[in-house]
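Going by the numbering used here, the sequence shown opens with residue 91, and the numbers climb by one from there.
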Amino acid sequence: MTAAVLTMPETTTLDAEVRRVFEKQFETAIRLRRSSADERIAKIKKLKLAVLAHSEALQQAMYKDFKKPAVEVDLTEILPVVAEAHDAIRKLKKWMKPTSVWPTLLTGGLKGYIQYEPRGRCLIIAPWNYPVNLCFVPLVSAIAAGNTAIIKPSEMTPHTTAVLVKIIKETFAEDEIAIFEGDASTSTALLALPFDHIFFTGSPAVGKIVMAAAAKHLTSVTLELGGKSPTIIDETADLDLAAQNILWGKYTNGGQTCIAPDHIFVHESVKAAFMEKASAVLKKSYGNSDADQASSPYLTHVVNQRHTQRVAGLLEDAKSRGATVVAGGGVNVADQWVAPTLITNIPKDAKIMSEEIFGPLLPIIGYTQLQSVVDEINANPKPLALYVWSRNEANIQKVMKETSSGGACINHTVVHYLHGNLPFGGVNNSGIGNAHGIYGFKAFSHERAVIRTRFMMAKMFFPPYSGFMKKMVRLLMKFV
Ligand code: NAD
């Protein structure tokens, strides 16, 4: 673990305050190296109970922040935290056990094992779109792995952040788990400190800033980023299921989900049928008219007016270049609302085709050759998720083998996030490293390679080098 920082200049109150807490966590982090599974489990249980005790306050706060429906708060914020906590509670003893490895020909007589040690003092920086989930799911992993943590939630959801602060302050001492409110300036003050690990969730642009700051201290990072996740629907797909499932994945949380289907490539032969089914699902789920949709209790609003203008700008830009709105299309900036919208006939140079949409707009693009879709995906940064809808195994395998993405679903959308036994993360532009279950535990652990000597074969290789030893090395080259 990195030594306590004693020489950093005290520039502002914020810098001094984050440094004070960071230094306070130094001794605790060392003490926690020896913490047992039971001690860590007790803390995870405390966190879980505190979240459940504040669930109503969190529902109210998220409604104030972006009109997130209470049932979506339960499903997408509180349930994932509870599930992550239960997984760790059940499996932590097993995860913490040193893992023995087979001896190799070169290391006969030695026992090798991996010991999972806490990284030390960790920083968790979270985005606004799932404010509870993305602060507390990594926190469960950080605690499971035996670390201290400082959390920096997003400034964009202030009511929710106030509840998060209350939960952390009521549940933990600041020398173990602390939380700092604030915007980029708070992150910047924290990023100046030599943390042992940074777990960042947010945009690729800020991910690069975080990685550059981490590089100054050679701090390890987990970067959970975003991007444009494509969906492919081929000519054999179950269109009814695809329409229902994709719209659910897209419009939950108002389209503000890192793994939401960003845009759809659909085979021209089924495009009209898919659009008809998708429009019907949209109207059934959220209302027929603009007015019905604007008052739908099932639609999360956009997080603020700036983002509403950004999303509305993408829609206007596409329309001005000839795109057609198939369903939805309503906007009310004052109410931070954009209708769930299906659009098509979008020219390639429209901004919506290059920027992560992160709102309830769903472009539908026709194709005739699957190869051209694969080529287009490969020409862009590797996405966080990719979804393929097909009953043709050759098409499924082509997409899965010829593209890359953080995660993928075949005939489903977004649920890979919920599978606690799968790693969740991106690849290159969409992220580095993984979260969830044992992968989250490992993200917050150092895998220490340990050798324990039983008998010492290495003796025969010590100088002065004999002819026999030279022969042994030659022999080994044949068999290793
Ligand atoms: P963001 O990158 O703007 O902000 C994330 C966090 O970084 C916030 O706490 C913010 O205060 C902080 N921050 C902002 N500017 C900073 C700077 N210059 N220096 C240091 N810190 C800074 O992201 P956002 O708008 O809150 O969230 C949306 C993005 O997050 C999307 O790209 C989305 O795809 C991605 N995301 C990814 C995942 C995932 O698990 N991979 C999950 C949710 C969201």
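Think of the CB as a built atom: it goes at the ideal place given N, C-alpha and C, for glycine as much as any other residue. All values reported here derive from a predicted model rather than from experimental measurement.
Would a C-beta distance cut-off of 8 angstroms place L389 and L337 closer than the cut-off? no
CA-CA distance, G412 and E325? 26 angstroms
When DSSP labels each residue in this structure, what does V570 get in the three-state scheme? coil
Using 7 angstroms as the cut-off, classify the Cβ of Y220 as near or not near the heavy atoms of the ligand NAD, replying yes or no. At least one heavy atom of the ligand NAD lies closer than 7 angstroms to the C-beta of Y220.
Check the C-beta distance from V401 over to L432 and give it rounded, since I have them as a contact under 8 angstroms. With a Cβ gap of about 14 angstroms, V401 and L432 do not count as contacting.
In chain order, what residues of the same chain lie with their CB nearer than 6 angstroms to the CB of E264, ignoring the 5 residues before and after it? V111
Can you give me the Cβ contacts of L195 inside the same chain, cut-off strictly under 8 angstroms, excluding the 5 residues immediately before and after it? So the list reads L566, F569 and V570, once near-sequence residues are dropped.
Length at least 4, wholly inside the region 324 to 357: the alpha helix (DSSP H) runs in chain order: 329 to 341
What is the rounded straight-line gap between the Cα of V463 and the Cα of G496? Approximately 18 angstroms between the Cα atoms of the pair.
Contact between the region 270 to 290 and the region 312 to 321 is defined here as three or more beta-carbon pairs at a separation below 8 angstroms; is this criterion met? yes
Cβ of E107 within 7 angstroms of any heavy atom in the ligand NAD? no
Return yes when at least one heavy atom of the ligand NAD lies under 7 angstroms from the C-beta of C348, else no. yes
Using only the alpha-carbon positions, how far apart do Y206 and H526 sit? 16 angstroms
Based on Cα-Cα distance, which residue from E266, V540 and I258 lies nearest to W192? V540
Quick check on DSSP: helix, strand or coil for P387? coil
Shorter than 7 angstroms, the distance from the beta carbon of D273 to the closest heavy atom of the ligand NAD, or not? yes
Ignoring anything shorter than 3 residues, give me the beta strand (DSSP E) runs that lie fully in the region 443 to 474, in order along the chain. Counting whole runs of 3 or more residues, the region 443 to 474 contains the beta strand (DSSP E) stretches 451 to 457.
Cβ pair count under 8 angstroms reaching 3, the region 207 to 223 against the region 542 to 560: no
Determine the burial state of N335: buried for a count of at least 16 other Cβ atoms within 10 Å of its Cβ, exposed for fewer. buried
Could you give the DSSP three-state label for S494: helix, strand or coil? In the structure shown, S494 adopts coil according to DSSP, grouped into three states.
Less than 7 angstroms between the CB of L565 and some heavy atom of the ligand NAD, yes or no? no
In the structure shown, what three-state DSSP assignment does K242 receive? strand
Which same chain residues end up closer than 8 angstroms to Q150 when comparing Cβ atoms and leaving out the 5 residues on each side of it in sequence? Excluding its 5 nearest sequence neighbours in each direction, Q150 has C-beta neighbours in its own chain below 8 angstroms: H249, listed in chain order.
Roughly how many whole angstroms lie between the Cα atoms of G210 and H357? 51 angstroms
Can you tell me whether V161 is buried or exposed, with buried defined as 16 or more other CB within 10 angstroms of its CB? So V161 counts as exposed.
I need the boundaries of the beta strand (DSSP E) containing E162, first residue and last residue. First-last for E162: A160 to V163, but that is the alpha helix (DSSP H), not the beta strand (DSSP E).
Buried or exposed, going by whether 16 or more other CB atoms sit within 10 Å of the CB of G199? exposed
Check G557 in the structure and name its three-state DSSP category. helix
I need the straight-line Cα distance from T276 to F270, nearest angstrom please. Straight through space, the alpha carbons of F270 and T276 are spaced by roughly 7 angstroms.
For G527, the first and last residue of its enclosing alpha helix (DSSP H): G527 to A533
In this structure, does DSSP put V421 in helix, strand or coil? strand
Between V563, E492 and D330, which has its C-alpha nearest W479's C-alpha? D330
Can you tell me which of V489, S444 and A440 puts its alpha carbon nearest to the alpha carbon of N470? S444
Identity of the residue in I354, F551 and R396 nearest K340 by Cα: Ranked by Cα distance from K340, the first of I354, F551 and R396 is I354.
Cβ of A216 versus every heavy atom of the ligand NAD: is any distance shorter than 7 angstroms? Because some heavy atom of the ligand NAD lies under 7 angstroms away, the Cβ of A216 counts as near it: yes.
Buried or exposed by the 16-neighbour rule on C-beta atoms within 10 Å, applied to Q459: exposed
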